[in-house]
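In our numbering, the protein residues as written are 24 to 296. Glycine is no exception: its CB is placed at the ideal position from the N, C-alpha and C atoms. To start, the structure itself, in structure tokens.
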């Protein structure tokens, strides 16, 4: 009988250890489920409803045309905009989990840690910096988002490391509040953010030691344009076959990558006229 008495406390201790170890796992799954529930509600109120058929998805949720006219919010965004006026638009890549609102506010860091309803949330939101102009976009429009382990936000973006994946998902839809836009992927690459730049407003840079894609918003000259274009083509994992010329505009999607300290994974797409 003595050995059984000895092992019983050990079993209890073992069960306690297992339970304690499971707490973070259970918390992660609960948080993930809650987040997905919120995202589904947002999507069903947005321009690409999850439960809609192809006809509704392609029609832009009842909005025709590509532009509402300057200052007029597209009909499909009226409901969401009334709930949060920080809404800047919607990003959608068919066949992926990327189907989310894009936010913008004066504090560039705010939506790193807040959800659409302005509640603290480690998932944050997809967002653009305050410098982005929704009415008259510059040469490059940059959208940021977390690379989440459960595949939400930009958790599937690094699938573009695969050329086959890119061939199957070449088009990215980004509709601002005022205009519907489509883009074709032109490059996908890994990069690095330099600590001295974190949190700073982007400024034009031609530092030959590093390509700071996140500082490029506007090409006032062909030289500025070629600096960005030639670098993204050179760094790309593969040749997409898509080319660009001075006057074209880009959409850049940026998320964390763990190939190096302060690493980033970047997808650049060219606007389809």
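- Residue 280 carries a strand assignment under DSSP once its states are collapsed to helix, strand and coil.
- Under the three-pair Cβ rule at 8 Å, the segment 276-287 counts as touching the segment 170-182.
- In this chain, residue 183 is not harboured by any beta strand (DSSP E), its DSSP state being neither H nor E.
- Taking 8 Å as the upper bound for CB-CB distance, residue 251 and residue 269 are not in contact here, some 11 Å apart.
- Annotation for residue 166: the continuous beta strand (DSSP E) segment containing it runs 163-167.
- Secondary structure of residue 66 (DSSP, three-state): helix.
- DSSP places residue 206 in the strand class (E or B) of the three-state scheme.
- With respect to the C-alpha of residue 181, the residue from 105, 134, 287, 236 having the closest C-alpha is 287.
- Residue pairing by DSSP places residue 127 opposite no residue, since no beta bridge is assigned to it.
- Between the alpha carbons of residue 127 and residue 148 lies a gap of roughly 10 Å.
- The residue from 138, 178, 166, 193 with its alpha-carbon nearest to that of residue 114 is 166.
- With the rule of 3 Cβ pairs closer than 8 Å, the segment 257-269 counts as touching the segment 190-210.
- Rounded to the nearest whole angstrom, the CA to CA distance from residue 142 to residue 152 is 19 Å.
- For residue 195, the enclosing beta strand (DSSP E) stretches over residues 194-199.
- For the options 190, 259, 176, 60, the alpha carbon positioned closest to that of residue 123 is the one of 176.
- Residue range 245-258 is occupied by the alpha helix (DSSP H) that includes residue 256.
- Contact between residue 290 and residue 183 holds, since their C-beta atoms are separated by about 5 Å, short of 8 Å.
- Distances from the CA of residue 295 to each of 194, 102, 139 were compared; the closest alpha carbon is that of 194.
- For residue 159, the closest alpha carbon among the candidates 201, 187, 129 is that of 201.
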